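Working notes, structure below.
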Amino acid sequence: MADLGLRIAVEDGIARLTLDRPPVNVLDMALLHDLADAIDDLGAQRDLRLIVLSGKGKSFSGGVSVAEHLGKDLQPMLEAFSRASARLLASEVPTLAVAHGAVLGGACELVALCDLGLVADDAVVGVPEIRLGVVPPVAAAYFPRLIGQQRAAALILTGDTISGAEAARIGLFGRSVPREQLEAEAEKIVERFRGLSASALRLARRTLRGANRMPLHQAIVEATDLQVRSIPEMADAQEGLRAFLEKRQPVWSHR
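Note that my numbering has the sequence shown beginning at 1086, numbered continuously upward.
Structure representation (structure tokens):
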């Protein structure tokens, strides 16, 4: 996978997926399929607590390959991007995107799809596809849910870019920090996840994903029912509750 632009490292319950395709980590079909496959494969590691997606070099990513928007490549390219997007949404392992530099087009969509997004204040963020005469389908479907119809329309219909700080302010991404603090802040988040139960995180991820698909009143009922069914069967849930009552640190088995 490294030859195709995706580097994978797993250590102590944390998986790091790094886009490494100089100069700006363009997302072509091969890289997108590798990304989707990696997320699938990592889900089988029961003690995994977090998947971190980042970009090497001067940018997170300049977006999906423009050349693969032409001719017979268009449909398989869009299907490859849709598959990678679907894997991010369906991942039972929480995901964190750490982004700097250019975060454009499909790259902007991928960061928004992650559970947590940490971006540099001075990052250049946007979906400029309209300037090329095309439309970003994931952004059109998803951004209005995150930032409202008019803010999403302003980004998609004009193709204008905004800063990472503005992207965080309007809720497109979770948080922004000065560029020089990005790596240190990301490591603070990673360390928080190292101390958590993998099975509890998976349950939380399933609950969040299910709740987003239905009206609020139904989502509350379904989320409550999922906890009632799952918690008695989870060793870590029982351990965490008992540890609190016994005033001690829990010892996670990630089951």
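Note that CB positions come from ideal geometry on N, CA and C, so glycine has one too.
A quick note: this is a predicted structure, and the numbers were derived from the prediction, not measured.
- Message: Nearest by alpha-carbon distance to R1298: which of V1336, P1179, L1267 and Y1227 is it?
- Response: Within the sequence shown, the letter at position 213 stands for residue 1298. Of the listed residues, the one whose Cα sits closest to R1298 is Y1227.
- Item | Residue ranges of each beta strand (DSSP E) within the stretch 1195-1269, 3 or longer | 1201-1205, 1209-1211 and 1260-1262
- Between the C-alpha atoms of R1092 and A1296, what's the straight-line distance to the nearest angstrom? Taking the first residue of the sequence shown as 1, we reach residue 1092 at position 7. Taking the first residue of the sequence shown as 1, we reach residue 1296 at position 211. Straight-line Cα distance between these residues: approximately 32 angstroms.
- Message: Classify G1048: buried if its beta carbon has 16 or more other beta carbons within 10 angstroms, exposed otherwise.
- Response: There is simply no residue 1048 to check, as the chain begins at 1086 and stops at 1340 in what is shown.
- Message: On the DSSP letters alone, give me the boundaries of the beta strand (DSSP E) that S1176 sits inside.
- Response: In the sequence shown, counting from the first residue as 1, residue 1176 sits at position 91. Unbroken run through S1176: none, as it is neither H nor E.
- How many Å lie between M1086 and A1100 at the Cα? If you number the sequence shown from 1, residue 1086 lands on position 1. If you number the sequence shown from 1, residue 1100 lands on position 15. With a pLDDT of only 42 at M1086, under the threshold of 50, the placement of this residue in the model should not be trusted; the figure read from the coordinates follows. Computed Cα separation, rounded: 15 angstroms.
- Specify, as a first and last residue, the run of the alpha helix (DSSP H) that L1112 falls within. Taking the sequence shown and counting its residues from 1, the one referred to as residue 1112 is at position 27. Note, L1112: premise wrong, no alpha helix (DSSP H); not H, not E.
- Item | Segment limits, beta strand (DSSP E) that includes R1327 | For the purposes of this step, residue 1327 is taken as the residue at position 242 of the sequence shown. Premise fails: R1327 lies in the alpha helix (DSSP H), A1320 to L1330, not in any beta strand (DSSP E).
- So R1260 and A1253 are in contact, right, with Cβ under 8 angstroms, and what is the actual spacing, rounded? The count along the sequence shown starts at 1 and reaches residue 1260 at position 175. The count along the sequence shown starts at 1 and reaches residue 1253 at position 168. At roughly 5 angstroms, the Cβ-Cβ gap stays under 8 angstroms, so R1260 and A1253 are in contact.
- Item | 8 angstroms Cβ cutoff met for T1180 and G1140 | Locating residue 1180 in the sequence shown gives position 95, where the first residue counts as 1. Locating residue 1140 in the sequence shown gives position 55, where the first residue counts as 1. No, the pair does not count as a contact, with Cβ atoms beyond the cut-off.
- Start and end of the alpha helix (DSSP H) containing A1289? Residue 1289 sits at position 204 when you count from the first residue of the sequence shown. Start and end: A1283 to A1296.
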